[in-house]
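Data first, discussion second: the structure below is written as structure tokens.
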Amino acid sequence: MAQNLSAFLMFLGALLMFIAALGVARMPDLFTRMHSSTKSATLGVGLIMMGAAFHFGEVGMTMRAVAIIVFLFLTAPVAAHMLGRAAYFAGVPLWEGTLSDALRGHYDRRTHRLLSDETVQEQLTEGDTAS
14 MAQNLSAFLM
24 FLGALLMFIA
34 ALGVARMPDL
44 FTRMHSSTKS
54 ATLGVGLIMM
64 GAAFHFGEVG
74 MTMRAVAIIV
84 FLFLTAPVAA
94 HMLGRAAYFA
104 GVPLWEGTLS
114 DALRGHYDRR
124 THRLLSDETV
134 QEQLTEGDTA
144 S
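Each residue of the sequence shown is one higher than the one before, counting from 14 in my numbering.
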């Protein structure tokens with residue numbers, strides 16, 4: 014039973030890793046590639062590690078697998094966010110089919126600060142009253 018479960022988990026993990034590779038190859042821009050690779054690869058590696066934990070069935074191996082999964086789930090999204098933020102601030106172009114740019118107008122390139130919605134509204138209001 015444990016062998017079947019571990020084989021199934023490893024197969025699902027490999028399938029998700031394959032989907033991540035397809036996403037990297039097929040997506041049109043950096044941001045969508047990063048999205049597909051981060052989500053699918055993180056879940057894929059997590060499932061493979063769970064499969065390895067079930068396969069070996071030892072407490073030490075299970076603890077290592079859980080530690081790797083927790084580490085990966087904590088670091089991969091943060092790393093992807095930081096890479097995406099750096100790419101956006103560096104001016105990497107969005108795909109022309111992108112429907113919305115939530116950061117447009119919120120980033121000050123001189124100070125490298127993100128402005129809140131309230132600050133942007135205040136600046137727009139001040140600009141309207143000044144003219």
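Every residue gets a Cβ at the ideal spot worked out from N, C-alpha and C, and that includes glycine.
Taking a 10 Å sphere around the C-beta of A103, we find fewer than 16 other C-beta atoms and assign the residue as exposed. Only residues of its own chain outside the window of five on either side were considered, and among them A100, V105 have a CB closer than 6 Å to the CB of L43, listed in chain order.
Pairing I61 with M95 gives a Cβ-Cβ distance that is not under 8 Å. C-alpha of M40 to C-alpha of T124: approximately 32 Å in a straight line.
Contact between the stretch 53-60 and the stretch 68-76 is absent: fewer than three C-beta pairs spanning the two stretches fall below 8 Å. The beta-bridge partner set that DSSP reports for L127 consists of Y120. In the displayed model, L56 falls within a helix according to three-state DSSP. Buried is the label assigned to L29, since at least 16 other Cβ atoms lie within 10 Å of its Cβ.
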